[in-house]
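In the numbering used here, the protein residues as written are 1 to 290.
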């Protein structure tokens, strides 16, 4: 596996993915009952933006850097979710950027649970170290309720579901390197839905090869009668080729009013991060709610 998230930490895709994750967690926390966050491609959990890997492309400057500047100079009100996200990120120091495991563990409650799966042994060890050293509030997630392991993340949709809590967010953030990966994702989500039909499944994807991408997303939506939406943000205008123009999340079983909560957030980050005035952003229902 060649993909290393150290090169991309804090970029435009991370901004969208992590804002959506925080909103999903906040909506799930409206009920007292605990829930699981299963991160199938967890990565290292924390990234040094001054390291050579991150400095090579300086992708964080086009992501968290631009968003921070736009928020500081905004004429209109900054959505509360963006202020909270920036506060959480800045809590790690501006030299570091927290991945989804660190953000989740920092915000989950005592009754919730986190499982982070990472396939690359070296990165899995980094993840364990980074989460072990993470300070959380006294009423937050206890160390025994946050676990990591080195394993195939897609296989966790069988081994870890359904969760004992009967509620959960499954974040699927693959590298999209292997030719068979998209087919593997479809099969894994199908297996996960068979075990946990009421789970919230959030699949991150890169936006490119639009016609093929749309067919693939609709295929996933057909796996379930449950509500399914996509949330997308692009930094340059859409095109049919293989160039990366933005990223999105497909969310199965989104909590009530997730789309409404994300709409102003998406509008703000699109204005802040886009490199082209025609770069689109959208929230679309593939399976509308009943």
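Heads up, the beta-carbon is just placed ideally off N, CA and C, and yes, glycines get one too.
Since the structure is predicted, the reported quantities are computational estimates derived from the model, not experimental observations.
Considering only C-alpha positions, which residue in the set the options is nearest to residue i?
i	options	result
residue 262	39, 81, 178	81
residue 205	27, 14, 161	14
residue 43	279, 274, 125, 192	125
residue 108	129, 219, 135, 86	135
residue 256	156, 227, 276, 39	227
residue 167	183, 195, 250	195
residue 202	174, 163, 180	174
residue 123	139, 99, 105	99
residue 294	163, 289, 273, 40	The displayed coordinates of the chain run from 1 to 290. Any statement about residue 294 would go beyond what the structure contains.
residue 265	47, 70, 41, 40	70
residue 285	275, 277, 276, 260	260
residue 140	106, 157, 127, 128	106
residue 251	217, 229, 242	229
residue 243	217, 218, 209	209
Is the CB-CB distance between residue i and residue j below 9 Å?
i	j	result
residue 34	residue 131	no
residue 49	residue 103	no
residue 171	residue 192	no
residue 189	residue 169	no
residue 249	residue 16	yes
residue 236	residue 279	yes
residue 114	residue 146	yes
residue 207	residue 180	no
My output table needs one value for residue i: the three-state DSSP class, helix, strand or coil.
i	result
residue 146	strand
residue 39	strand
residue 3	Reliability fails at residue 3, whose pLDDT of 48 lies under 50, so the model's placement of it is uncertain and no value is given.
residue 351	Absent from the structure is residue 351, since the part of the chain shown begins at 1 and ends at 290.
residue 22	helix
residue 47	strand
residue 263	helix
residue 129	helix
residue 87	helix
residue 140	strand
residue 281	strand
residue 109	strand
residue 16	helix
residue 82	helix
residue 269	helix
residue 124	helix
Express the C-alpha separation of residue j and residue i in angstroms, rounding to a whole number.
i	j	result
residue 159	residue 51	35 Å
residue 200	residue 253	5 Å
residue 95	residue 76	28 Å
residue 31	residue 6	35 Å
residue 38	residue 29	16 Å
residue 240	residue 11	22 Å
residue 150	residue 283	34 Å
residue 62	residue 101	22 Å
residue 177	residue 184	12 Å
residue 270	residue 83	16 Å
residue 8	residue 245	15 Å
residue 268	residue 186	31 Å
residue 152	residue 118	7 Å
residue 24	residue 258	7 Å
residue 233	residue 281	4 Å
residue 222	residue 288	12 Å
residue 18	residue 182	22 Å
residue 157	residue 73	42 Å
residue 3	residue 78	Reliability fails at residue 3, whose pLDDT of 48 lies under 50, so the model's placement of it is uncertain and no value is given.
residue 36	residue 198	13 Å
residue 163	residue 129	25 Å
In the DSSP assignment, find the beta strand (DSSP E) that holds residue i and state where it starts and stops.
i	result
residue 293	Residue 293 lies beyond the residue range present for the chain, which begins at 1 and ends at 290; the question has no answer from this structure.
residue 205	200-207
residue 252	246-252
residue 117	113-118
residue 169	168-172
Starting from residue i and walking both ways along the alpha helix (DSSP H), at which residues does that stretch end?
i	result
residue 186	181-195
residue 233	No alpha helix (DSSP H) holds residue 233; the beta strand (DSSP E) holding it covers 228-234.
residue 220	210-221
residue 67	64-72
residue 156	156-159
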